[in-house]
Ligand SMILES: Cc1cc2nc3c(=O)[nH]c(=O)nc-3n(C[C@H](O)[C@H](O)[C@H](O)COP(=O)(O)OP(=O)(O)OC[C@H]3O[C@@H](n4cnc5c(N)ncnc54)[C@H](O)[C@@H]3O)c2cc1C
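In full-length UniProt numbering, the protein residues as written are 1 to 447.
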């Protein structure tokens, strides 16, 4: 019988999903894993990221959490506060100190570079993984029958056509793999602008230190949200409380450029300050501290749910198939979960994957396992955006009443990210265990 470890796995993109894919397959014993990345290096934006327990569970299994630099620097978030932006008055406080007891892992915040760097370093220790930086997927020449054929191009080289056993399109929102698959399937699902854009800024400790109120924010184990009409700001400490990470969301009236490969679209500080000029003095003070030229801005994009994520032995993952607004802080977590589930199902393929049809069926099992849970989170992120961004009127009054009831009587929190019920559903979900348990039944259910 063929051995699944001999299958050739090609990954397009070295973002969170692509790096996690390479590592998950390597840890399953696959011996030939190639990662093609357009950028000439990892090139991650200097920004923070929330590390939810469902992400940490997988990172830990990959050896990228316990004892890692990411863990050493991470802030364990013990509470979250939602505050009215203009008045700075607290709408609700949610205690998160029992998250680790409940789900086995805490809710943390960290630096993107440490997360990506940790995954990358672990990949580099795996002889099975080869990175091809400055190399792009140009097209998918064949989805089968038989092995997928692709054309890649190195920046300084000619087109090269390759065959692989499994192709993973982890190439983000502007995915060439997705376009190729949709074209082949004659499905129309264009990327949509959400009409929203984000600014991302980071404040160093030495800037905040002279101001006790700001220092208290930096030293707290708290994720803050200041909310206002059509806008909100999320902020939390990262890198051992040496950096305060601030991320905003507002209407895209300044026509933010879409992200480039290195995620460094420059934003205008004056324009940013204008968007939040009715927010409280504390917020104004923080936005004021950002050096000119250190504001990143990008357009937030999504698309209609895709009816299909796999075709033959080609599978999409992460933002390539379920981009999301950031309000649930689950985009990277979902991409990493996708990667872990893919490695599980491919390794479980009957016959060791020697039959491309069996491989294609395994990829469909991956899609069945992932589609509903990811789509629910994408929908919840959109819902939270609508709820947080309400303007004056009945709906806002009702929302604030719900916040008050949550504060006083423990009723459900209208912001889905901060809702203990929603956290329970997402954080307790062990996608790898589920994949192993459900694989035989789902596989056999497919014709
Ligand atoms: C403001 C904001 C805040 C967020 N906060 C959080 C958070 O707190 N927690 C969380 O879990 N998620 C968060 N996210 C979401 C998260 O960043 C993304 O969902 C996640 O990074 C997606 O990973 P990915 O690997 O699918 O795609 P990407 O990270 O976009 O990676 C795709 C990679 O593919 C490469 N590529 C593209 N085309 C090609 C090609 N043709 N050939 C070769 N390579 C190619 C790109 O260069 C890139 O490196 C946030 C997102 C935003 C916008």
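Note that beta-carbon positions come from the ideal geometry of N, C-alpha and C, so glycine has one too. Every value quoted in this text rests on a predicted model; they were computed, and no experiment measured them.
8 Å Cβ shell around residue i - same chain, five flanking residues per side excluded
i, result
"residue 55", "332, 333, 336, 337"
"residue 436", "344, 348"
"residue 308", "181, 185, 187, 367"
"residue 358", "349, 350, 351"
"residue 386", "none"
"residue 222", "77, 78, 79, 80, 81, 236"
"residue 284", "273, 276, 277"
Closest residue to residue i among the options (Cα-Cα distance)
i, options, result
"residue 31", "231, 39, 10", "10"
"residue 401", "52, 92, 47", "92"
"residue 95", "420, 444, 322, 436", "420"
"residue 208", "143, 130, 289", "289"
"residue 155", "144, 139, 275, 133", "133"
"residue 324", "164, 245, 302, 141", "302"
"residue 14", "444, 306, 116, 49", "116"
"residue 361", "430, 326, 445", "445"
"residue 265", "21, 294, 378, 190", "294"
"residue 206", "234, 195, 241, 221", "241"
"residue 365", "432, 145, 418, 407", "432"
"residue 171", "138, 163, 197, 199", "138"
"residue 3", "355, 382, 243", "355"
"residue 61", "204, 122, 87", "122"
"residue 141", "177, 114, 118", "177"
"residue 50", "59, 107, 192", "107"
One or two residues paired with residue i in a DSSP bridge
i, result
"residue 445", "For residue 445, which the question treats as bridged, DSSP gives no partner whatsoever."
"residue 131", "35"
"residue 108", "51, 76"
"residue 431", "For residue 431, which the question treats as bridged, DSSP gives no partner whatsoever."
"residue 200", "247, 296"
"residue 225", "82, 234"
"residue 163", "149"
"residue 136", "153"
"residue 11", "35, 168"
"residue 266", "296"
"residue 193", "301"
"residue 182", "Residue 182 is not bridged to any residue."
"residue 310", "315"
"residue 142", "149"
Unbroken alpha helix (DSSP H) run spanning residue i, endpoints
i, result
"residue 92", "Run containing residue 92: none in the alpha helix (DSSP H); it sits in the beta strand (DSSP E), 90-95."
"residue 401", "394-409"
"residue 299", "That residue, residue 299, is in no alpha helix (DSSP H); its beta strand (DSSP E) goes 296-303."
"residue 218", "212-219"
"residue 346", "331-347"
"residue 155", "Where residue 155 is concerned, there is no enclosing alpha helix (DSSP H), given that its DSSP letter is neither H nor E."
"residue 316", "Counting along the chain, residue 316 falls outside any alpha helix (DSSP H), though it belongs to the beta strand (DSSP E) covering 314-316."
"residue 464", "Coverage of the chain is limited to positions 1 through 447, which leaves residue 464 absent and any answer about it impossible."
"residue 321", "Residue 321 -> no alpha helix (DSSP H), and no H or E assigned at all."
"residue 16", "16-27"
"residue 416", "Looking at the DSSP string, residue 416 is not in any alpha helix (DSSP H), and its letter there is neither H nor E."
"residue 205", "205-208"
Rounded Cβ spacing between residue i and residue j (contact assumed at less than 8 Å)
i, j, result
"residue 82", "residue 227", "6 Å"
"residue 198", "residue 247", "6 Å"
"residue 167", "residue 313", "7 Å"
"residue 377", "residue 341", "Not a contact, Cβ separation roughly 15 Å."
Same chain, Cβ closer than 6 Å to residue i, five either side skipped, listed in chain order
i, result
"residue 175", "169, 320"
"residue 292", "269"
"residue 348", "439"
"residue 157", "none"
"residue 135", "36, 152, 154"
"residue 105", "53, 56, 57"
"residue 126", "26"
"residue 374", "322, 334"
"residue 305", "375"
"residue 218", "208, 237, 241, 244"
"residue 430", "none"
"residue 163", "147, 149"
Where the beta strand (DSSP E) through residue i begins and ends
i, result
"residue 119", "Per DSSP, residue 119 belongs to no beta strand (DSSP E); it is in the alpha helix (DSSP H), 112-124."
"residue 290", "From DSSP, residue 290 is part of no beta strand (DSSP E); its letter is neither H nor E."
Cβ neighbours of residue i in the same chain (closer than 7 Å, five flanking residues each side left out)
i, result
"residue 380", "328, 416, 422"
"residue 389", "229, 230, 231, 232"
"residue 339", "17, 20, 21, 24, 317"
"residue 29", "5"
"residue 111", "48, 73, 238, 239"
"residue 311", "143, 181, 184, 185"
Residue i CB to nearest heavy atom of ligand 2 below 7 Å
i, result
"residue 37", "Questions concerning ligand 2 fall outside what the structure shown contains, since the ligands it does hold are ligand 1."
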